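A quick write-up on the structure given underneath.
Here is the structure:
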C-alpha cells in the first residue's frame with residue numbers, strides 16, 4: 119500500500135486545493151520558526167523545508183507563501199491596524215507573491231518555487247473599510263485572500279492564481295506528477 123501524503127500545513131486553502139485535485143492526504147501542523155525577510159525565493163523554500171522536516175511521514179508536502187513589495191515581506195497582520203497598513207501600501211501597486219514548495223519522500227527532498235505578480239487597483243477608503251470589516255484579512259499573508267472578497271482589490275495577476283491562494287499547482291505538478299495524477303504518493 120502506498121504511503122499517504124502528509125500536508126505539513128494548517129492552511130485551509132492548501133487543504134481545499136488538494137481536495138479539489140482529488141489528492142488523499144492527512145494534515146500534520148508543524149511548529150517551526152519561519153524566515154520573514156531577505157531573498158524571497160530562498161526564504162519561502164527554507165520555510166517549506168523547515169515545515170517538511172518538522173513532521174513525520176514517508177511522503178510530506180510543505181509550502182510557504184510570502185507577499186513581497188520592494189524587498190519588504192508582508193506576512194500575516196497582527197491586527198486590523200496592521201492589515202490596513204498593508205493594504206494601503208499595496209494599493210495601486212504591483213507586488214509579488216512567492217511560494218516555496220517541498221515534497222519530502224523518505225530521504226529525498228524535491229524543492230521548487232513560484233512567483234506571481236499581483237496588481238492592486240487604487241483602493242478608496244470605502245474599499246478598505248468594506249474589506250477590513252469582512253475580517254477576511256485575518257491569517258492571510260499580505261492581509262488579503264484573492265479567492266474571496268479580496269478578489270475585488272485586485273486589478274490584474276500575472277502567473278499562477280493558485281500560488282496566490284497558497285499552493286502553486288503548476289509547481290506541484292512539476293515536482294510530483296504522480297501525486298497529482300494518482301491522487302496519492
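In my numbering, the protein residues as written are 119 to 303. Heads up, the beta-carbon is just placed ideally off N, CA and C, and yes, glycines get one too. This structure is a prediction, so every number in the text was calculated from the model and none was measured.
* To do: Would you kindly check if the distance between the Cβ of residue 271 and the Cβ of residue 179 is under 8 Å?
  => Locating residue 179 in the chain shown gives position 61, counting from the first residue. Locating residue 271 in the chain shown gives position 153, counting from the first residue. No, Cβ-Cβ distance for residue 179 and residue 271 is not below 8 Å.
* Asked: Do the stretch 220-228 and the stretch 173-187 touch if we need at least three Cβ pairs shorter than 8 Å?
  -> Note that the stretch 220-228 touches the stretch 173-187; at least 3 beta-carbon pairs, one per stretch, sit closer than 8 Å.
* Cβ-Cβ distance between residue 215 and residue 185 below 8 Å -> The count along the chain shown starts at 1 and reaches residue 215 at position 97. The count along the chain shown starts at 1 and reaches residue 185 at position 67. It is a contact, given that the beta carbons lie within the stated cut-off.
* Three-state secondary structure (DSSP) of residue 240 -> For the purposes of this step, residue 240 is taken as residue 122 along the chain shown, with counting starting at 1. Three-state result, residue 240: coil.
* Asked: Just checking my contact of residue 298 with residue 141 at CB under 8 Å: how many whole Å lie between their CB atoms?
  -> For the purposes of this step, residue 298 is taken as the residue at position 180 of the chain shown. For the purposes of this step, residue 141 is taken as the residue at position 23 of the chain shown. In this structure residue 298 is in contact with residue 141, their Cβ atoms being roughly 7 Å apart against a cut-off of 8 Å.
* Asked: CB-CB under 6 Å to residue 170, same chain, minus the five flanking residues each way: which ones, in chain order?
  -> What you label residue 170 is simply residue 52 of the chain shown in a count that begins at 1. Counting only Cβ-Cβ distances below 6 Å, and skipping sequence neighbours, we find 126, 178, 180, 220 and 222.
* Exposed unless 16 or more other CB atoms sit within 10 angstroms - verdict on residue 196 -> Along the chain shown, one-based indexing puts residue 196 at 78. By the neighbour-count rule (16 or more Cβ atoms within 10 Å), residue 196 is not buried but exposed.
* Whole beta strand (DSSP E) runs in the stretch 185-257 with 3 or more residues, listed along the chain? -> Runs of the beta strand (DSSP E) inside the stretch 185-257: 190-192, 212-223 and 226-238.
* Return the first residue and the last residue of the alpha helix (DSSP H) that residue 290 is part of. => Here residue 290 corresponds to residue number 172 of the chain shown, with the count starting at 1. First-last of the alpha helix (DSSP H) with residue 290: 287-293.
* **Whole-angstrom distance between residue 132 and residue 143, CA atom to CA atom** => Numbered from its first residue, the chain shown carries residue 143 at position 25. Numbered from its first residue, the chain shown carries residue 132 at position 14. CA-to-CA, the gap between residue 143 and residue 132 works out to about 11 Å.
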